[in-house]
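Per full-length UniProt numbering, the very first residue in the sequence shown carries number 1; after that it's consecutive.
First up is the structure itself, then whatever we jot down about it.
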Amino acid sequence: MSKIALITGATSGIGAACAHLFAAQGYNLILLGRREQLLTEVSKHLEDKYAVEVKKIVADVRDNEDLSYRLETLPQQWKKVDVLINNAGLSQGLDPIDKGNIDDWDTMIDTNVKGLLYTTRIVSNWMIARKSGHIINIGSIAGKEVYPNGNVYCATKHAVDALNKSMRIDLLPHGIKVTAINPGMVETEFSKVRFKGDEGRAKKVYDGLEPLVAKDIAEAIWFVVSRPAHVNINDMLIMPTAQATGTIINRK
Ligand code: NDP
Ligand code: 8X3
């Protein structure tokens, strides 16, 4: 029987790249995101190309009640999730702490931290029942260090780092693997979302360097997931060659 991966934030960027790579490896997929049309396009493409089964969940990870309903009402066979990729996340704004937009703060905390928790609370129980599973948490270089005006986004990714470590301890008795994947700069919709649709400002983030692409991260995740049963990779930090730290970048 095919394995199942549940990917949050599968409508673009890293999540969509993971969906492609896992489908190519024969996984059936549960793909979650808010933009229904994109979810439908990705799902149809993968079903046609790889003959895998895809379950779409149009949901907002911030809405625990709706998320729980949609996950708990999945048919029983779809609850046999082998891999959970907690990827849904975003940054909003890049302002100093005294000028931060409170709605932006709430959105980042509710999505990157609480959404990840709500999803994990449900899916970890399915994994515990089967005594097997692998949870991949998408952190960031912003969860390892901080940079000017990154304040709340960095705090949410530091929280993901802490949750990654602590869920590994809590789930240890149940044989469940837990891994953090922490990327540096990856060119996706991330900067467009951070700068609220300002494409020019988003593009400038990657000026003069070759950033990572979503597929680079998906390939690292596949490497981690495809290790033998007795091997767990706890934490991976993946940067563009031109980026040494969050802020030290070799631009041409
Ligand atoms: P994208 O903006 O391309 O993708 C983000 C995904 O998250 C989308 O599919 C979006 O789907 C989904 N998402 C956002 N909010 C919600 C929500 N409330 N409920 C459900 N889904 C949601 O960016 P990336 O692929 O780059 O980002 C993926 C992850 O990688 C994030 O956690 C980000 O913090 C992290 N990351 C990104 C880096 C980068 O440089 N790009 C570097 C380090 C980490 P939809 O809008 O359809 O809901
Ligand atoms: C995204 C990476 O450093 O641009 O998590 O915030 S960064």
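Even glycine gets a Cβ: it sits at the ideal position worked out from N, Cα and C.
Mapping the DSSP letters down to three states, classify residue i as helix, strand or coil.
i	result
residue 200	helix
residue 5	strand
residue 281	This structure cannot speak to residue 281, because the chain is shown only from 1 to 252.
residue 230	coil
residue 133	strand
residue 239	coil
residue 99	helix
residue 93	coil
residue 179	strand
residue 149	coil
residue 58	strand
residue 81	coil
residue 205	coil
residue 164	helix
residue 87	coil
By the DSSP assignment, the alpha helix (DSSP H) with residue i in it spans what residues?
i	result
residue 44	36-50
residue 195	Neither: residue 195 is in no alpha helix (DSSP H) and is coded neither H nor E.
residue 15	13-24
residue 68	64-72
Given a cut-off of 9 Å, decide if residue j and residue i are closer than it, judged by their beta-carbon atoms.
i	j	result
residue 195	residue 94	yes
residue 165	residue 234	yes
residue 74	residue 128	no
residue 97	residue 151	yes
residue 36	residue 58	yes
residue 159	residue 14	no
If residue i sits next to residue j, beta carbons under 8 Å apart, how far is it from one beta carbon to the other, in whole angstroms?
i	j	result
residue 108	residue 153	6 Å
residue 156	residue 113	5 Å
residue 124	residue 176	7 Å
residue 10	residue 39	7 Å
residue 137	residue 116	7 Å
Under DSSP, the beta strand (DSSP E) around residue i begins and ends at which residues?
i	result
residue 252	Element bounds for residue 252: n/a, residue is neither H nor E.
residue 28	28-33
- Item | Segment contact, 8 Å Cβ cut-off, at least three pairs: the segment 87-102 with the segment 67-74 | no
- Between the segment 11-18 and the segment 218-236, do three or more beta carbon pairs fall short of 8 Å? yes
- Item | Inter-stretch contact (C-beta, 8 Å, three-pair minimum) for the segment 75-82 and the segment 132-149 | yes
- Kindly confirm or deny that the segment 240-249 and the segment 170-185 touch, where touching means at least three C-beta pairs closer than 8 Å. yes
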